[in-house]
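Every letter in the sequence shown is one number past the one before it in our numbering, and letter 53, counting from 1, is 34. Quick reminder that beta carbons are idealized off the backbone N, C-alpha and C, glycines included. All values derive from a computational prediction rather than experimental measurement.
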Amino acid sequence: MDEGLIGIKKQDHDKILNSNANIKKNRFRIQIASLKDENKITKVYEKIKKEFPKYFQNKKPFIEKKYIEKKGKFYRVQSQELYNKNDAEKLCKLLASKKFNCYMVKVYVK
-18 MDEGLIGIKK
-8 QDHDKILNSN
2 ANIKKNRFRI
12 QIASLKDENK
22 ITKVYEKIKK
32 EFPKYFQNKK
42 PFIEKKYIEK
52 KGKFYRVQSQ
62 ELYNKNDAEK
72 LCKLLASKKF
82 NCYMVKVYVK
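Put into structure tokens, the structure is as follows:
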């Protein structure tokens, strides 16, 4: 019998590895603002980058454009960086303690 790790048959072990490769892992972006004025994006992002350079390292934020009925278009300003749930929660607590808005936005990554 051809065994792989922890006594699992090699062919079964390979199937597990291959199926795990296709599982989408939960990751989170940190949303710091939702703005109607597109011109304010840079100012808001630069402010948070200055205060938290360790967590917001990219030059530009991730922008999600969202139309909300009867309210119009909004620009959701989010981190380019992706965090696991635990780290995202810690970062949101830190941001909130400094009076910044923070929402965790779930994204799926292969």
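(Q) Using 8 Å as the threshold, is the C-beta distance between K46 and K54 below it? (A) Yes.
Q) With C-beta atoms as the reference, is K11 less than 8 Å away from A69? A) For the record, residue 11 in the displayed sequence is Ile; it is not Lys. The answer is yes: Cβ separation under 8 Å.
(Q) Rounded to whole angstroms, what is the Cα-Cα separation between Y64 and K35? (A) Cα to Cα, the separation comes out at about 13 Å.
Q: Determine the contact status of F33 and V88, defining contact as a CB-CB distance below 8 Å.
A: It is not a contact, given that the beta carbons lie outside the stated cut-off.
Q | Proximity to K17 [Cα-Cα], best of K24, K6, K52, Y26 | A | Of the residues K24, K6, K52, Y26, the one whose Cα lies closest to the Cα of K17 is K52.
Q.
In the DSSP output, what is Y64 paired with across the bridge?
A. Answer by DSSP bridge pairing, in chain order: F9.
(Q) Can you tell me whether Y84 is helix, strand or coil according to DSSP? (A) Reduced to three states, the DSSP call for Y84 is strand.
Q) How many whole angstroms separate the CB atoms of F81 and S60, which I take to be in contact at a CB cut-off of 8 Å? A) About 12 Å separates the two Cβ atoms, so there is no contact after all.
Q: Identify, in the order they occur along the chain, each residue of the same chain with its Cβ nearer than 6 Å to the Cβ of Y48, setting aside the five sequence neighbours on each side.
A: Taken in chain order, the residues that qualify are K54.
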